[in-house]
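Have a look at the structure below before the remarks.
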Amino acid sequence: MARYEIFVTYKKGIFDPPGATAERALANLGYDEIQSVKIGKYIQLEVADGPNALTRVREMCDKLLANPVIEDYRIQSDEKDW
Amino acid sequence: MRFGVVIFPGSNCEQDVIHATRLLGYEAEYVWHGDTDISGFDAIVLPGGFSYGDYIRTGAVARFSPVMSEVVRFAEAGGPVLGICNGFQILAEAHMLPGALLRNRGLKFICREVPLRVEESACKWVDLPAGTVARIPINHNEGNYVCSPETLTSMVAKGQIVLRYCETDGTRAPGGSAPNGATDDIAGICNEQGNVFGLMPHPERVVDPVVGGTDGQPFFTAIVEHLAEVAR
Numbered sequence: 587m588a589r590y591e592i593f594v595t596y597k598k599g600i601f602d603p604p605g606a607t608a609e610r611a612l613a614n615l616g617y618d619e620i621q622s623v624k625i626g627k628y629i630q631l632e633v634a635d636g637p638n639a640l641t642r643v644r645e646m647c648d649k650l651l652a653n654p655v656i657e658d659y660r661i662q663s664d665e666k667d668w
Numbered sequence: 003m004r005f006g007v008v009i010f011p012g013s014n015c016e017q018d019v020i021h022a023t024r025l026l027g028y029e030a031e032y033v034w035h036g037d038t039d040i041s042g043f044d045a046i047v048l049p050g051g052f053s054y055g056d057y058i059r060t061g062a063v064a065r066f067s068p069v070m071s072e073v074v075r076f077a078e079a080g081g082p083v084l085g086i087c088n089g090f091q092i093l094a095e096a097h098m099l100p101g102a103l104l105r106n107r108g109l110k111f112i113c114r115e116v117p118l119r120v121e122e123s124a125c126k127w128v129d130l131p132a133g134t135v136a137r138i139p140i141n142h143n144e145g146n147y148v149c150s151p152e153t154l155t156s157m158v159a160k161g162q163i164v165l166r167y168c169e170t171d172g173t174r175a176p177g178g179s180a181p182n183g184a185t186d187d188i189a190g191i192c193n194e195q196g197n198v199f200g201l202m203p204h205p206e207r208v209v210d211p212v213v214g215g216t217d218g219q220p221f222f223t224a225i226v227e228h229l230a231e232v233a234r
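Protein chains in written order, with this note's numbering: chain A, 587 to 668; chain B, 3 to 234.
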């Protein structure tokens, strides 16, 4: 069994309303060093060992877990980053 | 004329669509999301609601319902498909319409009547003259339409922008008139052929004068007239 962690974020240029709100809120709290806040999704997958595991996880991201029109994703597994 | 209104788990506007279309004198029946036969319908409507709890993204799961492959086939053959609110989100997720719908800019669920300007478009669901202002309610949390600048340019050129949010006099405010922050004030778009139409506002809620308006009627009558014309 392998564990995959998936981080989904908006593509560059796509407005992120929750991120923008958190950004303003942090500035209001006096954290002047804040330059940008982006809020995305974090997904954990547990996958049975098998051939093409990573390719299949990528496919899952492209098909359902992320929308390529608006989102990018990063897959992380067993201390390796893809 | 027979409308098929698809029910996904979590749809909640299907009865309004059935009521509206029957009130206008058309036949309308429900279609279950697990159905794989939609023959016998002249037009398909994907109603509003919260299909699959809006989990992952709005419309992301409903898109894979068994009925959707049939809806895609129906649309590719030129069949008219209308997606209202969550139905629009499903059409976008299914890539039957370009772009995507994000959370409203102000992070608030918006439920109110808004003025909408009819644009010159290829849409077969609309035959109102360009510039007509219709008052139709919106009721959504994810209506902030986005697409790439290239997609927008192409959609404008091909007459795919059907409805824009506007001020009561039909003009657009310099800072934008979309209450949800939608790109270019876009409230409704169609595919290049004009048979697939998605919009965030709910025309089915302003068909019966009893509930305060009839501005939604033309959106259902136009497609019927269009189909009648094609048949002649």
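For glycine and all other residues, C-beta sits at the position ideal for the given N, C-alpha and C.
Keep in mind the model is a prediction, meaning the values are calculated, not measured.
TODO: Tell whether a beta-carbon distance below 9 Å holds between B:Arg-207 and B:Ala-22.
DONE: One-based indexing of the second sequence puts residue 207 of chain B at position 205. One-based indexing of the second sequence puts residue 22 of chain B at position 20. Yes, the pair counts as a contact, with Cβ atoms nearer than the cut-off.
Open item on the list: From the DSSP secondary-structure annotation, give me the bridge partner or partners of A:Phe-593.
Closed with: Looking up residue 593 of chain A in the first sequence gives position 7. According to DSSP, A:Phe-593 bridges with A:Tyr-628, A:Arg-660.
TODO: Show which residues of chain B have a CB atom less than 8 Å away from the CB atom of A:Asn-653.
DONE: Counted from its first residue, the first sequence places residue 653 of chain A at position 67. What A:Asn-653 touches in chain B: Arg-59, Ala-62, Glu-95, Ala-102.
TODO: Report all residues from its chain with a CB closer than 6 Å to the CB of A:Gly-605; omit the five preceding and five following residues, and keep chain order.
DONE: Against the first sequence, residue 605 of chain A aligns to sequence position 19. Once the five neighbours on either side are set aside, the close Cβ partners of A:Gly-605 are Val-623, Lys-624, Ile-625.
Task: B:Asp-129 and B:Leu-154 closer than 9 Å at C-beta - done: Translated into positions along the second sequence, residue 129 of chain B becomes position 127. Translated into positions along the second sequence, residue 154 of chain B becomes position 152. For B:Asp-129 and B:Leu-154, no; Cβs fall outside 9 Å.
TODO: Keeping to the same chain, check which residues put their C-beta closer than 7 Å to that of B:Ala-102; ignore five residues upstream and five downstream.
DONE: Working through the second sequence from its first residue, we reach residue 102 of chain B at position 100. Cβ neighbours of B:Ala-102 beyond the five flanking positions: Ala-94, Val-148.
Task: A:Phe-601: contacting residues in chain B (beta-carbon distance under 8 Å) - done: Stepping through the first sequence from its first residue, residue 601 of chain A is reached at position 15. In chain order: Leu-104, Arg-107, Asn-146, Val-148, Gly-183.
Task: Buried versus exposed, by CB contacts within 10 Å (16 or more), B:Val-212 - done: Counting from 1 along the second sequence, the entry for residue 212 of chain B is found at position 210. Label assigned to B:Val-212: exposed.
TODO: Would you kindly check if the distance between the Cβ of B:Leu-48 and the Cβ of B:Ser-74 is under 9 Å?
DONE: Position 72 of the second sequence, counted from the start, is the residue given in the question as residue 74 of chain B. Position 46 of the second sequence, counted from the start, is the residue given in the question as residue 48 of chain B. The residue asked about is misnamed: residue 74 of chain B is Val in this sequence, not Ser. Contact: no.
Task: Whole-number beta carbon distance between B:Asp-39 and B:Pro-68, since they are thought to touch under 8 Å - done: Locating residue 68 of chain B in the second sequence gives position 66, counting from the first residue. Locating residue 39 of chain B in the second sequence gives position 37, counting from the first residue. So it is not a contact: roughly 10 Å between Cβ atoms.
Task: Span separating the alpha-carbon of A:Val-643 from that of B:Ala-30 - done: Translated into positions along the first sequence, residue 643 of chain A becomes position 57. Translated into positions along the second sequence, residue 30 of chain B becomes position 28. Straight-line Cα distance between these residues: approximately 41 Å.
Task: Nearest-angstrom Cα separation, counted from A:Asp-635 out to B:Ile-191 - done: In the second sequence, counting from the first residue as 1, residue 191 of chain B sits at position 189. In the first sequence, counting from the first residue as 1, residue 635 of chain A sits at position 49. If I take the Cα positions, the gap works out to 44 Å.
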